[in-house]
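In full-length UniProt numbering, the protein residues as written are 1 to 172.
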């Protein structure tokens, strides 16, 4: 078996068989965390693609990003655009564009905040409520299927771990 020398971040020379070269990546400080963050992003992208396919297959006529806005409003209406932007992790310009498109479709409306005229509050229209009743059962099927495949215990564990990571990152 041929042995290969590698210099690690800790400046110690380690010797590995060629079949174990992949373990070198793990030796770099922070490599596991970087890989975790990349996997979180890849997972979100896979989820987005899955939802886009579902929306397209059901002729929903909206994008995943529009769905994020609507989904947030399904949980609470009459919130400011600022709060809505924070909840769906979009910047103000992006949210404005999404809001304009959803208004054109007749799903949402913006009203002046009586407590602060500079702010607009966002509400579902009757058409937005009707759309919710049509599409939500379809979306719920996707969630239930994924939950069944992955398993509740695994989901609970991952959620707990990701919440811990979130808490740490908020403090850094």
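Yeah, the Cβ is synthetic: ideal placement off N, Cα and C, and Gly gets one too.
query: Where the beta strand (DSSP E) through residue 118 begins and ends; result: 116 to 124
query: Residue 147 - DSSP class collapsed to helix/strand/coil; result: helix
query: Sequence-distant residues of its chain with Cβ nearer than 7 Å to residue 194 (five each side left out); result: Within the shown structure, residues of the chain are numbered from 1 to 172, placing residue 194 beyond reach of any answer.
query: Whole-Å CB distance - residue 67 paired with residue 45, under 8 Å assumed; result: 15 Å between Cβ atoms; not a contact.
query: Under 8 Å between C-beta atoms of residue 64 and residue 48; result: yes
query: Nearest-angstrom Cα separation, counted from residue 69 out to residue 98; result: 8 Å
query: Ranges of the beta strand (DSSP E) found wholly within the UniProt domain "HTH marR-type" (33 to 172), counting only runs of at least 3; result: 108 to 113, 116 to 124
query: Inter-residue CB distance, residue 121 and residue 80 (contact presumed, cutoff 8 Å); result: 6 Å
query: Beta-carbon proximity of residue 84 to residue 71, cut-off 8 Å; result: no
query: Buried or exposed (CB count within 10 angstroms, at least 16 for buried), residue 146; result: exposed
query: Length of the line joining the Cα atoms of residue 76 and residue 28; result: 44 Å
query: Reference residue 119; option with closest CA among 156, 92, 150, 62; result: 92
query: Through-space distance from residue 149 to residue 133, alpha-carbon basis; result: 25 Å
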